[in-house]
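Peer 1:
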Amino acid sequence: MIERLTEIMKRLRDPVAGCEWDRVQTWSTIAPYTIEEAYEVADAIERNDAADLKDELGDLLLQIVFHAQIAEDAGAFTLADVVDAISDKMERRHPHIFGDASASPGWETIKAAERMAKSDDAADTSAITGVALGLPALARAEKLQKRAARVGFDWPDAAGPLAKVHEEIDEIATAGPDTVAEEMGDLLFAVTNWARHLGIDPEAALRRGNAKFEARFRAMEHEAGSGFAALTLAEKEELWQAVKRRGG
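In short: position in the sequence shown from 1, add 75, done, that's the numbering used here.
1. Would P236 pass as a contact of N268 if the rule is Cβ separation under 7 Å?
2. Apply the 10 Å Cβ neighbour rule to M295 and answer buried if 16 or more other Cβ atoms are within range, or exposed otherwise.
3. In the DSSP assignment, find the unbroken alpha helix (DSSP H) run with I145 in it and report its ends.
4. Taking all protein chains shown into account, do 16 or more other C-beta atoms lie within 10 angstroms of the C-beta of M84, making it buried, or fewer, making it exposed?
5. What is the DSSP secondary structure of P211, counted as helix, strand or coil?
6. How about F264 and A216: are their beta carbons less than 7 Å apart?
7. Mapping DSSP to helix, strand and coil, what is I275?
8. Given this structure, state the Cα-to-Cα distance separating D309 from W315, to the nearest angstrom.
9. Figure out for me which residue from A143, S103, I247 has the closest Cα to the Cα of D159.
10. If you reduce the DSSP assignment to three classes, tell me which class P236 lands in.
11. Sorted by chain position, which residues of the same chain lie with C-beta nearer than 8 Å to H169's C-beta, five sequence neighbours on each side aside?
12. So the alpha helix (DSSP H) Q316 belongs to, where does it begin and stop?
13. What does the alpha-carbon distance come out to for the pair D134 and A286?
14. Whole angstroms are fine: how far does the CA of V266 sit from the CA of L273?
15. On the three-state DSSP scale, how would you describe M295?
16. Quick one: any contact between the segment 124-141 and the segment 108-116, if contact means 3 or more CB pairs under 8 Å?
17. Going by beta carbon distance, what residues of the same chain come within less than 7 Å of R283, once the five residues before and after it are set aside?
18. To the nearest angstrom, report how far apart D167 and T153 are at their CA atoms.
19. Given a threshold of 16 other Cβ atoms within 10 Å of its Cβ, counted over all protein chains shown, does I161 qualify as buried or as exposed?
20. On the DSSP letters alone, give me the boundaries of the alpha helix (DSSP H) that V226 sits inside.
21. Evaluate P211 with the Cβ neighbour count: other Cβ atoms within 10 Å of its Cβ, from every protein chain shown; 16 or more gives buried, anything less gives exposed.
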């Protein structure tokens, strides 16, 4: 099973007989593919496609094996070390299952203690320490907000972030060319906060919005045929509304 995959990766990374592309890759060059594969796993789950999920999980597993092989080639760590580390972490985070604790102190409490233990700066006690910079911006915004909320810095209900959304829209409308991008970032952050208060996963919501747009746009193209690009904007809008009325 996993041994076969690791041997395939070792062969692909062989400095003499390996694949030219695979053997020159680094953690940095592979990272975008890793993120992409994780999203493709999420997409298969969203579509409830078990067969596709099997394939996408394989693609994601390959990314893990790839990163571990790069590390082994550099003498940093091995795939076995990765497996041992996550096994240790799962046991450590469930002391009431694998240890002597009568009850769990809470997942987030344990994670906070781990962050403090591994922090390069022992004085860094911020509630938002350790929110990975490599996360997609939307996911990182939500995580920063959740961390801040745990220490009481949060709106009591959805009305607060909704008002903030309107405030940020007004600020964009009056922003100059030097500040409009910053204000747009503030608006996206506020919308993420509003979604969180409504119990909506903003990433999943945006994926659904993307899928809806794609389906409607393709329906427009199909209906118009090869002359779609030549239509006026008003004619395209009329097509869009027609597709929308049909529930596309």
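Every residue, glycine too, gets a C-beta built ideally from N, C-alpha and C. As the structure is a prediction and not an experimental result, all values here were calculated from the model.
Peer 2: Concretely, from the data shown:
1. The residue given as residue 236 occupies position 161 in the sequence shown. The residue given as residue 268 occupies position 193 in the sequence shown. Cβ atoms of P236 and N268: closer than 7 Å.
2. Translated into the one-based positions of the sequence shown, residue 295 becomes position 220. Buried, since its Cβ has 16 or more Cβ neighbours within 10 Å.
3. Taking the sequence shown and counting its residues from 1, one reaches residue 145 at position 70. Run containing I145: 125-148, per the alpha helix (DSSP H) assignment.
4. As a first step, residue 84 must be located in the sequence shown, where it is residue number 9. When all chains shown are included, M84 counts as buried.
5. The residue given as residue 211 occupies position 136 in the sequence shown. In this structure, P211 counts as coil in the three-state DSSP scheme.
6. As a working mapping, residue 264 is identified with position 189 in the sequence shown. As a working mapping, residue 216 is identified with position 141 in the sequence shown. In this structure, F264 sits near A216, with a CB-CB distance shorter than 7 Å.
7. If you number the sequence shown from 1, residue 275 lands on position 200. In the three-state DSSP reduction, I275 falls in the coil class, being neither helix nor strand.
8. Here residue 309 is taken as the residue at index 234 of the sequence shown, counted from 1. Here residue 315 is taken as the residue at index 240 of the sequence shown, counted from 1. According to the sequence shown, residue 309 is Ala rather than Asp. For the pair A309 and W315, the Cα-to-Cα distance works out to about 10 Å.
9. Your numbering for residue 159 matches position 84 in the sequence shown. Of the candidates A143, S103, I247, the one whose C-alpha sits nearest the C-alpha of D159 is A143.
10. Numbered from its first residue, the sequence shown carries residue 236 at position 161. Shown here, P236 sits in a helix according to DSSP, grouped into three states.
11. Position 94 of the sequence shown holds residue 169. Setting aside the 5 residues that flank it on each side, H169 is surrounded in the same chain by S179, each with a C-beta closer than 8 Å to its C-beta; the list follows chain order.
12. Start at 1 with the first residue of the sequence shown, and residue 316 comes out as number 241. It spans 308-320 - the alpha helix (DSSP H) in which Q316 sits, taken as one unbroken run.
13. Reading the sequence shown from its first residue, position 59 is the one you call residue 134. Reading the sequence shown from its first residue, position 211 is the one you call residue 286. The C-alpha of D134 lies about 22 Å from the C-alpha of A286.
14. Counting from one through the sequence shown, the residue named residue 273 turns up at place 198. Counting from one through the sequence shown, the residue named residue 266 turns up at place 191. Between L273 and V266, the C-alpha separation is close to 11 Å.
15. Taking the sequence shown and counting its residues from 1, the one referred to as residue 295 is at position 220. In this structure, M295 counts as helix in the three-state DSSP scheme.
16. Verdict: yes, contact present.
17. On the sequence shown, position 208 is the one that residue 283 refers to. The beta carbon of R283 is closer than 7 Å to none in its chain, skipping five residues each way along the sequence.
18. Stepping through the sequence shown from its first residue, residue 167 is reached at position 92. Stepping through the sequence shown from its first residue, residue 153 is reached at position 78. This sequence places Arg at residue 167; Asp is not what is there. Approximately 21 Å, taken between the alpha carbons.
19. In the sequence shown, residue 161 corresponds to position 86, counting from 1. By the neighbour-count rule (16 or more Cβ atoms within 10 Å), I161 is not buried but exposed.
20. For this step, residue 226 is matched to residue 151 along the sequence shown. V226 -> no alpha helix (DSSP H), and no H or E assigned at all.
21. Here the question's residue 211 lines up with position 136 in the sequence shown. By the neighbour-count rule (16 or more Cβ atoms within 10 Å), P211 is not buried but exposed.
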